[in-house]
Amino acid sequence: MSTGRNGRSISVLTVLFVLKNPIRGDGILNLKACGDEYQAPWCRHLQAVSYRNRRTEKERVLGFGGRKMSTYNYVVTAHKPTNVTHSCVGNFTGPQELNLIIAKCTRIEIHLLTPQGLQPMLDVPIYGRIATLELFRSHGETQDLLFIATERYKFCVLQWDADAHEVITRAMGDVSDRIGRPTDNGQIGIIDPDCRLIGLHLYDGLFKVIPFDNKGQLKEAFNIRLEELQVLDIKFLYGCPKPTIVVLYQDNKDARHVKTYEVSLKDKDFVEGPWAQNNLDNGADLLIPVPPPFCGVLIIGEETIVYCSASAFKAIPIRPSITRAYGRVDADGSRYLLGDLSGLLHLLVIVHEKEKVTGLKIELLGETSIASTISYLDNAFVYIGSSFGDSQLIKLNLQPDAKGSYVEVLERYVNLGPIVDFCVVDLERQGQGQVVTCSGAYKDGSLCIVRNGIGINEQASVELQGIKGMWSLKSATDDLYDTFLVVSFISETRILAMNLEDELEETEIEGFCSQVQTLFCHDAVHNQLVQVTSSSVRLVSSVSRELRNEWHAPAGYSINVATANTTQVLLATRGGNLVYLEIGDGILVEKKHAELKYDISCLDINPIGENLTYSNLAAVGMWTDISVKIFSLPDLKPMTEEHLGGEIIPRSVLLCSFEGIPYLLCALGDGHLLNFLLNTTTGELTDRKKVSLGTQPITLRTFSSKNTTHVFAASDRPTVIYSSNKKLLYSNVNLKEVSHMCPFNSAAFPDSLAIAKEGELTIGTIDDIQKLHIRSIPLGEHARRICHQEKSRTFAICSLKYNQSSTEDSEMHFIRLLDDQTFDFISTYALDQFEYGCSILNCSFSDDSNAYYCVGTAYVMPEENEPTKGRILVFIVEDGKLQLVAEKETKGAVYSLNAFNGKLLAAINQKIQLYKWMLRDDGTRELQSECGHHGHILALYVQTHGDFIVVGDLMKSISLLIYKHEEGAIEERARDYNANWMSAVEILDDDIYLGAENNFNLFTVRKNSEGATDEERGRLEVVGEYHLGEFVNRFRNGSLVMRLPDSDVGQIPTIIFGTVNGVIGVIASLPQDQYIFMEKLQTNLRKVIKGVGGLSHEQWRSFYNEKKNAESRNFLDGDLIESFLDLGRSRMEEISKSMNVSVEEVMKRVEELTRLH
Amino acid sequence: MGSWIVGDWPSFDPHNFSQLRPNDPSKKTPITYHPTHERTLPPPDQVISSEAKNILLRQFYQRGDEKLRPKRAAPENLAPEQESKHPRASVASSSEPHK
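Quick mapping for you: the protein sequence lines, in order, are chains D and P. Residue 523 in UniProt numbering is what sits at position 523 of the first sequence, and the numbering runs on without skipping anything. Residue 72 in UniProt numbering is what sits at position 72 of the second sequence, and the numbering runs on without skipping anything.
Okay, structure coming up:
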């Protein structure tokens, strides 16, 4: 059961403050209310701009270099939503299968309950923001159907087809009305327990009915007038002969009541219901319908809980709390789990004698994350879905623990939402961005460090130049650990080994030739080692380390490349000669020789069949004809030949198996990687795929991590290739350049890799193999602003702590300083009572080399609609302490701070204000007001570029200001005249600015410097529109991946955004030709990948708010485009055919885009 | 207080969660679903829209119907054999022109 029907509105026991909204970056809470007083026309004089002035502006603009246009944008999700808004349990995938279905705003996840726990089955993207999620059992069905309604008034009924393993659409429709005022308290969607109708409350004063016929088919929907205008909740009552709703509402004197209505399907109207109850708890907000035998309804208030039915009325007082979610435990409705806003979990019990309700009881069970939804699963396990913290799987124990809690948290599912602010930093100084988010709210607030790619945790390193190859060897065949690390150079080979002190020191293997380069090494059976050099193959005892046998290459035929496993050796000499040897006890036997047309560039005989010591196949890469060939072993018979095309030779081939599927990987000299499915019986290669990993030759090696084999591709862009859900995935390794890698699993460094990079040999362990790594730092309080200071290696945050222990609710606001490695609080500055931290900035000023933290605050007084007082505080970090060095009072809330021309630019209520950093006579500093600009409703978001200032207004979209040095003035240059309620802005380039607004849309506007008239130049033209479906709180320049200037994607500028649902996304400005190609692909994909529930992708991505609905333009949906890679081959072919491009080309281009995040 | 209500938790399948290993690294991320089949489109008769008539008009029609109802109700209240004897009551036929 779910009550999280509205992710936006949050009520607090006390008065609603403008700055109190925990999920919005700006803290703006009641947008409608604070906007109403600003409806006056906002016409303004637009100043004529002389041509001279325009030119100087342009000359002052730095950084973007020329007229690079960022009109064409690609929007893609790097981290999917994790805010759980709804959940339900039922038999969806089969009559005997119990499922947990959870909604994460725009996605649903289907889980199966198993002995091992929750087994995730499917992640289903929905083209809409989910407003209602309900399972129901239609007449004559053996399993449940899923009803979903979206915020844009679409609904669908989904069914699981177990045979086809597909979600099918039973019904769908549009339930919007042309006229109607959308409800303030979110949409309500309910299903009659006897499946006679679906009820929807979407607009004030209307109740929409979708009737079922007796076969469970839906019929035409109709509206019924609902007298109650301020509805808080509606539920169907159980056990009524006619479908009956109970309505919890507030009257115009703010008193709350419940009322019942019967729905007469015949008359399409309400009939007065069996009972009503007036004057409930002022905080009553939630109804829980009680099933038979008791029936009736529970009304959950802030101070009381009431049971109400036609025949009974029982009430109990409770400790003041706001209940946000409930979950029914027993089928007879006698017990319920209630979750409140402080994360306390209670059990509510209906006390009864026979079938008569005699009272209510409530028992505190313990603490969880703040629940937005609670689902009782099975055998005392409960799912807690959360919007403000991590979702959890908990167990209800029979006995309380030492702290009196019955709750045991068994699993946590990380939630980044709401991301209120974030910053992009490079903490490891590797040239790769990491995102540090202010996540969660209330007690569940945290900082999350989000990093892309796989990290290497360095254990030891030594300076070594010119490494040409590395292999690890064991001192006995059945040893668990590796002992030797063979490192080859151009004219020598050195052997390192772990000594007794667990140090790596140089040693010798007498039987090896160490005066030349080693081409290949491997452990061999019978406690032997194999070394291949250009002249011979040496078989050495790993015990005595003495040479046991040697195979010499014929004179004049030096060995070029070689490979081996524990029983076989394959080598190639000059002139295309391929020689196959087998390893015996003290003997190397030449089994077969073959002469090929051309020279051989690479080889592999990695066993991938059932026999782990012997390969039946050999892969061979060729010079000249640029091909790979598969040979059978031991007879060296050619089986398959695959021409690679192009002029780049294969440099590394690898036979490997992922999730039981055999592949051939083939890396080219230009950083491209081909992969094929391999038929191990016939040697046939199919499903060729090509990706670009880097620009330099790649060497492929397998390694194991957590008992799974992965492939390491060493190059200028090191990558780990792994498989998930039978699809190959590529994750970059957070190292700049790796020339060679070999696994080195020693006793001292278990599960490690030896890595040769930039004149250095490093031994390190590898992160878990996954794309995004999230480290969560729980704060126990709510961080709302963050910024990083490189100089002091610290973060500073604005945070608030709620104290609900005493009788009065109170909150305290802090500026806290954190170490950027340990994330410990190292210094704290407490703000005054009622003072909120609104903005934070790391900056320095002209003529002052110090780095400062500037903090903007607001005094939020209960009696004021809008703050009239605030402060700007300037701190310096000294000895790990925040020292206040200057303080300036302001006439309002300081919503934004920017470093600007060596000065400080602040957005204070309606005004943009510039401050100089002045030196006083006594040597101290102060902020001195220089100039300002009025004319905003609330200037909430500011970005600057050169002398330009881009302002995102509460409700007046984006405007562009310019600072005039000579006049010391800030003037408006242009504005967007649409009434967008902004939530974030960013500057994409000189002329194009990006905005996110309140209705989950993105848009871009363009400055029109070349306009013929002042009027034209004064207008920011809307050039791009897109429905993101996410509430963006912050844009930041930067990238989650390592950006190499010489790679294709390295040229593409990117913006990162963070949202209320915990999404981290990337907006990339594509070159026009690439955009056109991808747009074509998107159009084709829309035809092939269908929206679940019959929902249309085109409609979903169209710009949509109360005033406007326009097709998306100049934005592409990267999530849809990248799903091309998940399609089956035939679907890919279908699409590429209609685009007149090869499948391989489309895949390559899409793969490139996946490397942006 | 407490223990008598905290406990006796419902069980649908006693095996569920019996072998739970918290934070099992082998737990997979779910496959992202991209349907390509035709059944994402609902059956044609199950594309639901709202009645075009607004509430006011509907009430007018309903009231109109109600006015007519007593006239129509009269023959219905009569015994069925009477109906067969008088198949065409002139009042009823005139009030229902579409029959």
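Built from N, CA and C at the ideal position, the CB exists for glycine as well.
Give the secondary structure of residue i by DSSP, where H, G and I count as helix, E and B as strand, and everything else as coil.
| i | result |
| --- | --- |
| Y406(D) | coil |
| T613(D) | coil |
| I861(D) | Sequence check: residue 861(D) is Met here, not Ile. Coil. |
| H1097(D) | helix |
| F948(D) | strand |
| P697(D) | coil |
| K253(D) | coil |
| M1139(D) | helix |
| I449(D) | strand |
| E1144(D) | helix |
| M498(D) | strand |
| M1042(D) | coil |
| R1155(D) | coil |
Residue i and residue j look like a contact to me (Cβ under 8 Å); what is the Cβ gap, rounded to whole Å?
| i | j | result |
| --- | --- | --- |
| I815(D) | L800(D) | The pair is not a contact, with the Cβ atoms about 11 Å apart (cut-off 8 Å). |
| L122(D) | P30(P) | 5 Å |
| P193(D) | F236(D) | 6 Å |
| R784(D) | D820(D) | With a Cβ gap of about 19 Å, R784(D) and D820(D) do not count as contacting. |
| V435(D) | L1040(D) | 6 Å |
| F287(D) | L248(D) | Rather than Phe, the amino acid found at residue 287(D) in this sequence is Leu. Sure, about 5 Å apart at Cβ, within 8 Å. |
| I992(D) | V1023(D) | 7 Å |
| G780(D) | R717(D) | The pair is not a contact, with the Cβ atoms about 40 Å apart (cut-off 8 Å). |
| G683(D) | M639(D) | 3 Å |
In whole angstroms, what separates the C-alpha of residue i from that of residue j?
| i | j | result |
| --- | --- | --- |
| G65(D) | T1054(D) | Because G65(D) carries a pLDDT of 38, less than 50, the predicted location of this residue cannot be relied on, and the following value inherits that uncertainty. If you take the alpha carbons of G65(D) and T1054(D), they lie about 16 Å apart. |
| S334(D) | S375(D) | 15 Å |
| L761(D) | I467(D) | 8 Å |
| S1142(D) | I698(D) | 24 Å |
| residue 1158(D) | R973(D) | Outside the shown range of chain D, which is 1 to 1157, sits residue 1158(D), and nothing can be said about it. |
| A906(D) | C931(D) | 11 Å |
| E610(D) | Q1099(D) | 51 Å |
| R1086(D) | H34(P) | 11 Å |
| K964(D) | L226(D) | 58 Å |
| D267(D) | G440(D) | 48 Å |
| G64(P) | F207(D) | 23 Å |
| N901(D) | D947(D) | 8 Å |
| A754(D) | L365(D) | 51 Å |
| N565(D) | N1114(D) | 54 Å |
Give the residues of chain A in contact with residue i, contact being defined as C-beta atoms less than 8 Å apart.
| i | result |
| --- | --- |
| R225(D) | Included in the structure are the protein chains D and P, with no chain A among them. |
Mind the definition here: the stretch 400-420 of chain D touches the stretch 349-356 of chain D only if three or more C-beta pairs lie below 8 Å; say whether that holds. The stretch 400-420 of chain D, when compared against the stretch 349-356 of chain D, does not touch it at the 8 Å Cβ threshold.
Pair every Cβ in the stretch 571-578 of chain D with every Cβ in the stretch 553-562 of chain D, then say whether three or more of these pairs are closer than 8 Å. Yes, since at least three Cβ pairs between the stretch 571-578 of chain D and the stretch 553-562 of chain D fall closer than 8 Å, the two stretches touch.
Identify each residue in the stretch 25-42 of chain P for which the Cβ-Cβ distance to at least one residue of chain D is less than 7 Å, and report them in chain order. For the stretch 25-42 of chain P, which is checked against every Cβ of chain D, the residues closer than 7 Å are P25, K28, T29, P30, I31, T32, Y33, H34, P35, T36, H37, R39, T40, L41, P42.
Contacting positions in the stretch 54-70 of chain P - beta carbon closer than 9 Å to chain D: Within the stretch 54-70 of chain P, the residues whose Cβ lies closer than 9 Å to some Cβ of chain D are N54, I55, R58, Q59, Q62, listed in chain order.
I want to know whether the stretch 1125-1144 of chain D touches the stretch 77-91 of chain D - three or more CB-CB distances under 8 Å. No: fewer than three Cβ pairs fall under 8 Å.
Return the residues of the stretch 1079-1113 of chain D that lie within a Cβ-Cβ distance of less than 8 Å from chain P, sorted by chain order. Answer in chain order: V1088, I1089, K1090, G1091, V1092, G1093, G1094.
Using a Cβ-Cβ cutoff of 7 Å, what residues of the stretch 380-407 of chain D are near chain P? List them in chain order. Listed by position, the residues of the stretch 380-407 of chain D near chain P (Cβ gap below 7 Å) are A380, F381, L396, L398, Y406.
Is the stretch 737-748 of chain D touching the stretch 495-504 of chain D, taking contact as three or more C-beta pairs under 8 Å? By the Cβ criterion, the stretch 737-748 of chain D is in contact with the stretch 495-504 of chain D, since at least three pairs of Cβ atoms, one from each stretch, lie closer than 8 Å.
Across the stretch 856-876 of chain D and the stretch 891-899 of chain D, are there enough close Cβ pairs to call them in contact, namely three or more that are closer than 8 Å? Counting Cβ pairs under 8 Å, three or more are found: they touch.
Three-pair Cβ contact test at 8 Å for the stretch 128-137 of chain D versus the stretch 408-415 of chain D: Output reads no: the stretch 408-415 of chain D does not touch the stretch 128-137 of chain D.
Residues of the stretch 85-104 of chain D in Cβ contact with chain P at a cutoff of 7 Å, in chain order, please. With the criterion set as a beta carbon lying under 7 Å from some beta carbon of chain P, the members of the stretch 85-104 of chain D are L98, in sequence order.
Please name the residues in the stretch 1129-1151 of chain D whose beta-carbon is closer than 8 Å to at least one beta-carbon of chain P, in chain order. Residues of the stretch 1129-1151 of chain D with a C-beta atom less than 8 Å from some C-beta of chain P are R1131, listed in chain order.
For the stretch 720-743 of chain D, list every residue whose C-beta sits within 8 Å of some C-beta in chain P, in sequence order. Residues passing the 8 Å Cβ filter: S724, N725.
What are the residues of the stretch 161-182 of chain D that lie near chain P, defined by any Cβ-Cβ distance shorter than 9 Å? Cβ contacts with chain P come from D161, A164, E166, V167, I168, T169, R170, A171, M172, G173, D174, V175, S176, D177, I179.
Would you call the stretch 93-109 of chain D and the stretch 1067-1085 of chain D in contact, with 3 or more CB pairs under 8 Å? Touching, no, given that fewer than three Cβ pairs across the two stretches are closer than 8 Å.
Per the contact definition of three or more C-beta pairs closer than 8 Å, is the stretch 410-420 of chain D in contact with the stretch 48-59 of chain P? Cβ pair count under 8 Å is below three, so no.
Which residues, in chain order, does the stretch 120-132 of chain D contribute to contact with chain P at a C-beta distance below 8 Å? Flagged, chain order: P120, M121, L122, D123, V124, P125.
Quick test of the definition: if touching needs 3 or more C-beta pairs under 8 Å, does the stretch 217-234 of chain D touch the stretch 242-256 of chain D? Yes, the stretch 217-234 of chain D touches the stretch 242-256 of chain D.
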